[in-house]
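*Asks:*
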Amino acid sequence: MRIILGLCCLLLGFQFVHAQSSDLLFFSGLEETQSEENIPFILLEDSLQQLTPQDAREKLTAIADTAPQLMHFSSSRKVNYWLMVSITNPSHTTLHQTLKLSGWGEIDAWDFNSLEHLEQTGKLSLHANRLQKDAIPLLIHEQSSVTLLLKLSAKVSILEQEKAQVQLLPARTYELTQYRKQFIQTLFIGIILVMALYNLLIFLTIRDISYFYFVLSIAGIGLYMMFYHGLNLVFLWPKAPYWDAHSFTLIVPLTGVARTLFTRKYLHLREFLPAWDKALIWLTFAYIIPIGLGIVSYTTKWDFLQEATQAIGLIGATVLVSMIVTAFLVYRKGYIPAIYFMVANFLFVVGALLLILQEVSILPASSLISHSTQVGVVSQVILFSLGLADRFKRSQQEALERKLEKERLEKEKEREKQQLIAGQKAELKKQVEERTKELAEAVTQLQESEQSLKALNALKDRLFSIISHDLRSPLATFDSFLNLLLHHSHRLSQEEMKEIAAETNKSLQNLSDLLENLLQWSRAQLQENRYEESTFDIRELIDKNNTLYSSTAKEKGITLEMCIPEKPIIVRGDYRMLDFVIRNLINNAIKFTDSNGKVTAQVKLQDKKCLISIEDTGVGLSEEQIEMIKKAKGNYTTLGTKDEKGIGLGLMLCRDFLKIHTAQLQIKSTTGEGSIFGFELSPD
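Heads up: the sequence shown begins at 22 in our numbering, then just goes up one per residue.
#1: Measuring alpha carbon to alpha carbon, tell me which residue in G334, E553, S146, K427 is nearest I312.
#2: Residue range of the alpha helix (DSSP H) that G337 falls in?
#3: For L288, is the classification buried or exposed, using 16 other Cβ atoms within 10 angstroms of its Cβ as the cut-off for buried?
#4: Should Q627 go down as buried or exposed, given a rule of 16 or more other Cβ atoms within 10 Å for buried?
#5: Name the two residues that bound the continuous alpha helix (DSSP H) containing V215.
#6: Assign T691 to buried or exposed, taking buried as 16 or more other Cβ atoms, counted over all protein chains shown, within 10 Å of its Cβ.
#7: Any idea what DSSP makes of Q445, helix, strand or coil?
#8: For W131, name the three-state secondary structure that DSSP assigns.
#9: Figure out for me which residue from M216, C675, A373, T573 has the closest Cα to the Cα of S616.
#10: Start and end of the alpha helix (DSSP H) containing G641?
#11: With 16 as the cutoff for other CB atoms within 10 Å, does G639 come out buried or exposed?
#12: Can you tell which of R78, Y245, N59, I579 has its C-alpha closest to the C-alpha of E66?
#13: Below 8 Å, how does it come out for the region 175-193 and the region 205-224: are there three or more Cβ pairs, yes or no?
#14: Assuming I60 and V106 form a contact by the criterion Cβ under 8 Å, report the distance between their Cβ atoms to the nearest whole angstrom.
#15: Taking the alpha-carbon of F499 as reference, which of G241, L449, S400, G578 has the nearest alpha-carbon?
#16: Indicate the three-state DSSP secondary structure (helix, strand or coil) for M22 in the structure shown.
#17: In whole angstroms, what is the alpha-carbon distance linking P704 and S696?
#18: Note down, one range per segment and in chain order, each beta strand (DSSP E) of at least 3 residues found wholly within the region 161-191.
#19: Count the other CB atoms, across all protein chains shown, that sit within 10 Å of the CB of G655; report buried if there are 16 or more and exposed otherwise.
#20: What residue from K619, I157, E454, T281 has the CA that sits closest to K577's CA?
#21: Measure the alpha-carbon distance for D76 versus I213 and round it to whole angstroms.
#22: Where does A348 land, buried or exposed, given buried means 16+ other C-beta within 10 angstroms?
#23: Please identify the residue among S238, S555, E648, T465 whose C-alpha is closest to the C-alpha of L9.
#24: When the Cα atoms are used, what is the spatial distance from P191 to P158?
#25: Could you name the residues that DSSP lists as bridge partners for S634?
#26: In its own chain, which residues sit with a C-beta less than 6 Å from the C-beta of I63, not counting the 5 before and 5 after it?
#27: Is it true that the region 560-574 meets the region 596-616, where meeting means three or more beta-carbon pairs spaced less than 8 Å apart?
#28: Cα separation between K299 and I345?
Given below as C-alpha cells:
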C-alpha cells in the first residue's frame, strides 16, 4: 500500500515539474480580472476547398458591408470556412491576448493585409501547442488594431461545427484555465492509475481472472478520459493527432469488452442467469462494428466516426443498463457480493449514460456532465475495491477451512490406520508424534499468517475508512445537486440554475480540498512533506479559509468573524502547511460550537511576533483532553456538536507542521465556555 501511495505522490510531483514556473500562479489563487468576450467577424464558406488566402481576402473584403456576423454552417468536413476578424486595442498598453476558436481540426491564421502566415493550430495540427489546440496568441500594441484572415477546417466528422464562435481573452487567463484543467484531470487519472495498480497487485497475488478484467476496465476508463480531455496528445502520442481523433473507436469498445467480461465473471452469470450471460456475449461481439468503422475511417478516405460514435453509445448504454439489472437479479438469488457491484456501478452508470447522451448530441455539452462521470468513476473504483477485497477475504477463509478440513480427514484416516495395524503400534506412535509436531508448526504458521492478514486488513480498513469518511459528504452533496438538475430543471429559473451550478462547483472544490487533506496525511506517513519557504500575507490565508467555511458555519447557525489588521502582515514559512493548519483549526472550531455560537479568526502583532488564533464559544476542553491533544504521538478525536465525525489526523498534522516552523500549538479552554487555539510566527 505504501508503494501505491508513493506512486500517487510521484504522479503529482511530475505534474508540478511539468508545469512552467509561471504556472504556479494557479496554486496561489491569482486570477485575471478580464473575462472572455465574443468577437464579431465576417464569414465566407468555401464548399469546394479551392480558395487561396488571396481569393478569400478579396471575397471577404467585397462582402464586408453586407455579411452577417454569425451564421450556421452546412456541417460538412469537406467545407472550409474563411473568417475576417478585426481587433482594436484603444489602451496605452501592449496587450497579450488569445483568440479562442474551439473544436476545429485545423486553424490557419494570416495577417489580412500582408497575407503573412502567422499560426497553425487545431486538434489535428502537428504544429499546435500541447495546451493551445484551439487558440491563437496575439500581441496587440497600444492604440493599434489587428485584422486576421482565418481558415477553419473540421477534417473529420466528429469535429464538425454548427457555427463559429470567436472569443478574445487575456493570454494569462487562458493559460491558467488550461493548466488548471490539465492539473485536475491529471490528478483524476492519477487516482485511476493507483487503483488499477492496486487491483493488479491483488490479481498477481491470487490469480483471480475477474481482478484482471477489472484492471483492464479501469485502465480503459482512464485512457478514454485522457482522450476526452486531450491528455493523450500530451502524454501518449503527441505527434499523432489524426490517430488520436480515431483512437476512441478502439479504446471505448475494448473497455466495454473488459467491462462485460468482468460483469459475467464477478456475478457468475453463467450459473445464475445463463440467458443474460449469452446476451452479454452478443453485446461483446457487437463492439466489432464501431471498431471496424474506426479502422475504415483511419485507413481510408471514408469517414464513419459519427456512425461509430452512435454505435458505441447504443451498445455502451445497453451494457451499462444490463450491469445494474443483472446485479439486482443475481442479488435477489442470494449472491451477496452482487450488492457491491450494484451500489458501486450506480453513480458510474448515471454519469456514463449522461456522457453518452452528450456524445451523441442528445444532451448539450456541459462540464457538469464530465465531472459527474468522473465522480461516478472514482466512487465505482473505490467501492469495487472494497467488494473485491471482501471477496478476497472470503476466498482466503474458504481456503483455510478447506485446509483444516483436509487435516481433519487425515487425522481420522490416521486413527483408522492405527486400529487396522495394531501390531505396528510403536511405529505408529512415532509417526503420530512426528505428525503432531508438524501440525504444531503448521498451526504456528497459520497463526503468523493470521496476524499478518489482520495487519493488512487493519491497514486496508484504515485507508478506506479515511477515504469513505472524507468523500461521503461532498459526494452526497454533489449527488443531490445532480438529481435536482436532472429531475426538476424544468421548474428552475435561470438564476436558480446558476446558483445550483455555483453550489455544485463549490462542492467539487470542497472535494478537492478533502483529497488534499488525505494526500497531506499520506505524505506525512511516507515522510514526503518538504518545507518550501516563501513570504506571503497571512491575512490572505485567514480570509481564504473564512470564505471556505462560511457556508458550513451558516448551516449550523454559527457566526464566523475575522479580526485582522487592515495593513498586510507578511510572514515567512511554508504556505501549504500553514494553510492546512488554519483550515483545520477553523473547521474544528465550527465542529465543536453549538448553533448561535461564534467563531473568531484573529491576527495581531505582539512583542515582534505575529499571533494567529482561532477562538470559539463551543463546548470547550478539559485539562485531560488538552493534555491528550498536546501529546507528541498519536491522534485525538471526538464527535462534534452535531455528531460530526473526524479521523483524528488534523490536530496531529497541525502539531507536526507547526513544529517544522519552530512553533507550538497553544490551547486555552474552559469546559462549556469555549476554546482558543493559536500559534506564533515571526513576521518577515
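We put the beta carbon where it would ideally sit given N, CA and C, even for glycine.
*Replies:* In short, the structure shows the following:
#1: Looking up residue 312 in the sequence shown gives position 291. Of the listed residues, the one whose Cα sits closest to I312 is G334.
#2: On the sequence shown, residue 337 is found 316 positions in, with the first residue counted as 1. In the DSSP assignment, G337 falls within the unbroken alpha helix (DSSP H) covering 326-353.
#3: For this step, residue 288 is matched to residue 267 along the sequence shown. Flag for L288 reads buried.
#4: One-based indexing of the sequence shown puts residue 627 at position 606. Exposed is the call here.
#5: Here the question's residue 215 lines up with position 194 in the sequence shown. Going by DSSP, V215 is part of the alpha helix (DSSP H) stretching over 192-227.
#6: As a working note, residue 691 is residue 670 in the sequence shown. With fewer than 16 other Cβ atoms within 10 Å, it is exposed.
#7: As a working mapping, residue 445 is identified with position 424 in the sequence shown. In this structure, Q445 counts as helix in the three-state DSSP scheme.
#8: Mapped onto the sequence shown, residue 131 falls at position 110. Strand, per DSSP.
#9: Residue numbering aside, residue 616 sits at position 595 when the sequence shown is read from its first letter. Taking only the C-alpha atoms, the option nearest S616 is T573.
#10: To locate residue 641, count along the sequence shown from 1; it is residue 620. Run containing G641: none; DSSP gives neither H nor E here.
#11: Within the sequence shown, the letter at position 618 stands for residue 639. Label assigned to G639: buried.
#12: Within the sequence shown, numbered from 1, the residue matching residue 66 stands at position 45. The shortest C-alpha separation from E66 is found at R78.
#13: Counting Cβ pairs under 8 Å, fewer than three are found: no touch.
#14: As a first step, residue 60 must be located in the sequence shown, where it is residue number 39. As a first step, residue 106 must be located in the sequence shown, where it is residue number 85. Correct: roughly 6 Å between the Cβ atoms.
#15: As a first step, residue 499 must be located in the sequence shown, where it is residue number 478. That would be S400, whose Cα lies nearest to the Cα of F499.
#16: Working through the sequence shown from its first residue, we reach residue 22 at position 1. Only weak support exists for where M22 lies, its pLDDT of 39 falling under 50; the value from the coordinates is given anyway. In this structure, M22 counts as coil in the three-state DSSP scheme.
#17: Taking the first residue of the sequence shown as 1, we reach residue 704 at position 683. Taking the first residue of the sequence shown as 1, we reach residue 696 at position 675. Each residue's alpha carbon lies about 25 Å from the other.
#18: 165-174, 188-191
#19: Here residue 655 refers to the residue found at position 634 when the sequence shown is read from its first residue. In this prediction, G655 has a pLDDT of 47, which is less than 50 and means its spatial position is unreliable; nothing more can be read from the coordinates.
#20: Here residue 577 is taken as the residue at index 556 of the sequence shown, counted from 1. Out of K619, I157, E454, T281, the CA that lies nearest to the CA of K577 is found in K619.
#21: Taking the sequence shown and counting its residues from 1, the one referred to as residue 76 is at position 55. Taking the sequence shown and counting its residues from 1, the one referred to as residue 213 is at position 192. Their backbone Cα atoms lie some 51 Å apart in a straight line.
#22: Translated into positions along the sequence shown, residue 348 becomes position 327. Buried, by the Cβ-count rule.
#23: Residue 9 falls outside the range modelled here, since the chain spans only 22 to 705, and no answer is possible.
#24: Numbered from its first residue, the sequence shown carries residue 191 at position 170. Numbered from its first residue, the sequence shown carries residue 158 at position 137. Spanning the two alpha carbons is a distance of roughly 9 Å.
#25: Residue 634 sits at position 613 when you count from the first residue of the sequence shown. The partner list for S634 (beta bridge, DSSP) reads Q623, G699.
#26: By 1-based counting over the sequence shown, the position of residue 63 is 42. Closer than 6 Å at Cβ, skipping near neighbours: L81, A85, A88, M105.
#27: Flag = yes, the region 560-574 and the region 596-616 touch.
#28: Numbered from 1 along the sequence shown, position 278 holds the residue referred to as residue 299. Numbered from 1 along the sequence shown, position 324 holds the residue referred to as residue 345. Rounded to whole angstroms, K299 to I345 spans 16 Å at the Cα level.
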